[in-house]
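Numbering (my numbering), first residue to last: 729 to 980. Since the structure comes first, as structure tokens, the remarks are kept for the end.
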Ligand code: IPE
Ligand code: IPE
Ligand code: MG
């Protein structure tokens, strides 16, 4: 793997918003003959480091997929472990995020959460609402299709009969954030798994075999370096872009 001493990042071109599918916790544990849930615990440690590293680099929005609408299909004991871990993280780690001026948001369908989690989310969001540092969005019981549907349904409820892109984008759960510039999926799979479907229309996609608990600062730097090598054309030709964005530049 590229070491941080070899990775030369352009600090003026750090992605404003990074979205991550934190995949591979189970396989990380399996490789070590440990129960899958230990992989999830280590995954939470990796997330803590990721938040710190992103904040240090000046990333403004970090959105992580922690539990999908489809993950309810997992064995009951794994689901309840994950929910317990989420509840614990809400209680223990939110204060540290708050001390560091970070804002916490949770996106997803909250209807299946127990009271402790439900209240934990509300408190975390309220406590950190006024913070101006990195916005950490945790997608839990989230699905991209669900998000688009809830946006459409809420517009219908408001009496709208014709919906345009701006209205729809403004009704998505993540409407407070710009669209992701960089999408990272760890764990080797090269699919989106129903994450931010609408929002990622122009995200740069980065896939790595590294399992989430092993995704460290060097791995993040390598992903950002890959992002910085790309030319984001948004439908235009290369020649139409400002000179500084041509060839190896990536606009944020
Ligand atoms: C991602 O790791 C975490 C969640 C989906 C909650 P996995 O649990 O999917 O790990 P693998 O893919 O089985 O290794
Ligand atoms: C995607 O990972 C969801 C999260 C990381 C929370 P999965 O492991 O559930 O995705 P699939 O099943 O391999 O597509
Ligand atoms: Mg997985």
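C-beta: ideal position from N, C-alpha, C; glycine also.
Might you give, ordered along the chain, the residues of its own chain that have their beta carbon closer than 7 Å to the beta carbon of residue i, omitting 5 neighbours on each side?
{"i": "residue 819", "result": "848"}
{"i": "residue 860", "result": "829"}
{"i": "residue 759", "result": "none"}
Which whole-angstrom value is the C-beta distance of residue i and residue j, which I expect to be below 8 Å?
{"i": "residue 924", "j": "residue 747", "result": "6 Å"}
{"i": "residue 755", "j": "residue 939", "result": "6 Å"}
{"i": "residue 870", "j": "residue 835", "result": "6 Å"}
{"i": "residue 968", "j": "residue 737", "result": "So it is not a contact: roughly 26 Å between Cβ atoms."}
{"i": "residue 779", "j": "residue 864", "result": "6 Å"}
{"i": "residue 862", "j": "residue 783", "result": "5 Å"}
{"i": "residue 742", "j": "residue 785", "result": "5 Å"}
Which residues in the same chain as residue i place their Cβ atom closer than 6 Å to its Cβ, once the five residues preceding and following it in sequence are excluded?
{"i": "residue 916", "result": "937"}
{"i": "residue 765", "result": "809"}
{"i": "residue 979", "result": "Because the pLDDT at residue 979 is just 47, under 50, the model does not fix this residue reliably, and the point stays unresolved."}
{"i": "residue 875", "result": "900 and 901"}
{"i": "residue 977", "result": "In this prediction, residue 977 has a pLDDT of 46, which is less than 50 and means its spatial position is unreliable; nothing more can be read from the coordinates."}
{"i": "residue 844", "result": "815"}
{"i": "residue 954", "result": "934"}
Name the one or two DSSP bridge partners that residue i has.
{"i": "residue 789", "result": "745 and 863"}
{"i": "residue 831", "result": "863"}
{"i": "residue 912", "result": "748 and 934"}
{"i": "residue 868", "result": "795"}
Please return the same chain residues whose Cβ sits closer than 8 Å to the Cβ of residue i, not counting the five positions on each side in sequence.
{"i": "residue 774", "result": "750, 940, 941, 942, 943 and 944"}
{"i": "residue 769", "result": "813"}
{"i": "residue 745", "result": "787, 788, 789, 790, 791, 905, 906, 907, 908, 909 and 910"}
{"i": "residue 888", "result": "895"}
{"i": "residue 962", "result": "930"}
{"i": "residue 883", "result": "891, 895, 896 and 899"}
{"i": "residue 846", "result": "838"}
Can you find a heavy atom of ligand 5 that lies under 8 Å from the Cβ of residue i?
{"i": "residue 919", "result": "For ligand 5, the structure offers nothing, since it holds only ligand 1, ligand 2 and ligand 3."}
(message) Considering only heavy atoms of ligand 2 and the C-beta of each residue, which residues fall inside 5 Å, strictly closer?
(response) 749, 751, 793, 796 and 921
(message) With a threshold of 8 Å, are at least 3 pairs of Cβ atoms found where one atom belongs to the region 859 to 879 and the other to the region 894 to 904?
(response) yes
(request) Decide if the region 795 to 815 is in contact with the region 824 to 833; the criterion is three or more beta carbon pairs, one per stretch, under 8 Å apart. (result) no
(message) Check whether the region 901 to 912 and the region 924 to 935 touch, using three or more Cβ-Cβ pairs below 8 Å as the test.
(response) yes
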